[in-house]
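Protein chains in written order, with the working numbering: chain A, 19 to 212; chain B, 19 to 272. Even for Gly, the Cβ is constructed at its ideal location relative to N, Cα and C.
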């Protein structure tokens, strides 16, 4: 019993996914509490930023955690990283909600679901969820020019396509594509160098 | 577009745009088919892209979800909520009770000490009064002008005692063998004037255990007093004696 507590405690401190995924796979109800305690803030923050409504954000966060809970059985505890996967689920739920309220659900739901494939989250690093990594991505994002930041925010937090961004910003599609490409390239380079 | 013909950086860009949903439909379809086919290069590219694009989550201002979200999730997952639950109510109630008991005890202690203090103050005042009276009586008795009259000596059934008279200060009576005071009665002292006038009231006093002390302050002229007498009177006192004289001490002024 004491060893189990120590293992749980250690996993909370070190953010070890392996032990948490194992318990989620066994549908240990306490694992849901640990999953929530580790990721609820960042999950809720992303969803709220997208839908900008607390009640809807709570509902979508709940859906996201349950989706992870119900699909954790397919996760490979040795190779999988649950944080990025959970965030992808959360972001997709929120974008899907935005799309559905705008009557555009059918066009994107399939693509959103395909980005949640568990196989895409094996052998990835979970470091993206630690505080140091959060600081690094914010620093890298701050290096972008306003246009680059705007198109990335429109893509990530509003789920807009490049054509939709061009229409929204009143810019030629080519200009928006340039901003998107340069933004992602700069972000990738800054992020990996930082 | 053919992913196979792109250089590594452009491929990374395509995967990142795919994960953000920014590719055109035909580009989307190509990437998706590679992912579904388990293409190793595509999977690796998508993992890197997912890491980068998911990191954008940190750009969102940090928000804290309401506590009910955790409760709802845990209940739905069938987990007993680990958190405070009712425990905080029990802890609060226990703390309140303990604080209440401590406060009540302190309040009782303070009250008890206040009572003791009041009692001590009363005792002190009483002692001070006694001291003042003792000093007054001592001064009275040591005056050379104070005369002393004994009464009742040699009589088998008292009362007996002494009367001290000082012209400037008054009359002090010590009486013994006094009868018990009936309920509603009190001893009253009288100055019996020479020449047969009506007795003059000279104060009320109580007896205890057959003893009685009375000090009637004020100037008095012993040469005009034939005797000091005592009667039992109603508690309010009388202006003239209404009961028989218990004893009378004759005054013989020099």
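Within 10 Å of its beta-carbon, does residue i have 16 or more other beta-carbons around it, so buried, or fewer, so exposed?
| i | result |
| --- | --- |
| residue 68 of chain A | buried |
| residue 22 of chain B | exposed |
| residue 177 of chain A | buried |
| residue 156 of chain B | exposed |
| residue 159 of chain A | buried |
| residue 20 of chain B | exposed |
| residue 109 of chain B | exposed |
| residue 213 of chain B | exposed |
| residue 103 of chain A | buried |
| residue 120 of chain A | exposed |
| residue 114 of chain A | buried |
Quick one: what does DSSP say residue i is sitting in, helix, strand or coil?
| i | result |
| --- | --- |
| residue 208 of chain B | strand |
| residue 178 of chain B | strand |
| residue 178 of chain A | coil |
| residue 213 of chain B | coil |
| residue 193 of chain A | helix |
| residue 76 of chain B | helix |
| residue 184 of chain B | strand |
| residue 106 of chain A | helix |
| residue 203 of chain A | helix |
| residue 269 of chain B | coil |
| residue 28 of chain B | helix |
| residue 129 of chain B | helix |
| residue 70 of chain A | coil |
| residue 235 of chain B | strand |
| residue 167 of chain B | strand |
| residue 119 of chain B | helix |
To the nearest angstrom, how far is it from the Cα of residue i to the Cα of residue j?
| i | j | result |
| --- | --- | --- |
| residue 181 of chain B | residue 196 of chain B | 15 Å |
| residue 115 of chain B | residue 129 of chain B | 21 Å |
| residue 214 of chain A | residue 35 of chain A | In the structure as shown, chain A starts at 19 and stops at 212, and residue 214 of chain A therefore has no counterpart that could be examined. |
| residue 54 of chain B | residue 39 of chain A | 24 Å |
| residue 32 of chain B | residue 80 of chain B | 29 Å |
| residue 70 of chain A | residue 84 of chain A | 21 Å |
| residue 202 of chain A | residue 58 of chain A | 27 Å |
| residue 172 of chain A | residue 105 of chain B | 45 Å |
| residue 116 of chain A | residue 111 of chain B | 46 Å |
| residue 101 of chain A | residue 197 of chain A | 29 Å |
| residue 170 of chain A | residue 91 of chain B | 32 Å |
| residue 85 of chain B | residue 106 of chain A | 23 Å |
| residue 244 of chain B | residue 218 of chain B | 11 Å |
| residue 176 of chain B | residue 160 of chain B | 27 Å |
| residue 222 of chain B | residue 127 of chain B | 42 Å |
| residue 43 of chain A | residue 86 of chain A | 10 Å |
| residue 162 of chain A | residue 51 of chain B | 32 Å |
| residue 123 of chain B | residue 144 of chain B | 31 Å |
| residue 49 of chain A | residue 182 of chain A | 40 Å |
| residue 39 of chain B | residue 47 of chain B | 11 Å |
| residue 152 of chain B | residue 230 of chain B | 16 Å |
Name the residue from the options whose alpha carbon lies nearest to the alpha carbon of residue i.
| i | options | result |
| --- | --- | --- |
| residue 263 of chain B | B:27, B:44 and B:208 | B:208 |
| residue 185 of chain B | B:165, B:169, B:179 and B:200 | B:165 |
| residue 238 of chain B | B:177, B:113, B:105 and B:183 | B:183 |
| residue 206 of chain A | B:251, B:70 and B:213 | B:70 |
| residue 63 of chain B | B:266, B:247, B:27 and B:217 | B:27 |
| residue 152 of chain A | B:41, B:229, B:76 and B:37 | B:76 |
| residue 227 of chain B | B:213, B:240, B:211 and B:194 | B:194 |
| residue 233 of chain B | B:153, B:191, B:199 and B:36 | B:191 |
Could you list which residues in chain E have their beta carbon closer than 7 Å to that of residue i, in chain order?
| i | result |
| --- | --- |
| residue 177 of chain A | Of the protein chains in the structure, A and B, none is chain E. |
Which same chain residues, not among the five before or five after residue i, have their C-beta less than 6 Å away from its C-beta?
| i | result |
| --- | --- |
| residue 111 of chain A | 78, 81 and 82 |
| residue 119 of chain B | none |
Among the residues of its own chain, which have a CB less than 8 Å from the CB of residue i, if the five just before and after it don't count?
| i | result |
| --- | --- |
| residue 109 of chain A | 64, 65, 68 and 174 |
| residue 29 of chain B | 21, 59 and 63 |
| residue 216 of chain B | 258 |
| residue 260 of chain B | 249, 251 and 252 |
| residue 202 of chain B | 252 and 253 |
Take residue i and list the residues in its own chain whose beta-carbon comes closer than 7 Å to its own, dropping the five residues that flank it on each side.
| i | result |
| --- | --- |
| residue 75 of chain A | 62, 65, 66 and 69 |
| residue 134 of chain B | none |
| residue 267 of chain B | 167, 169, 181, 245 and 246 |
| residue 194 of chain A | 169, 180, 183, 184 and 187 |
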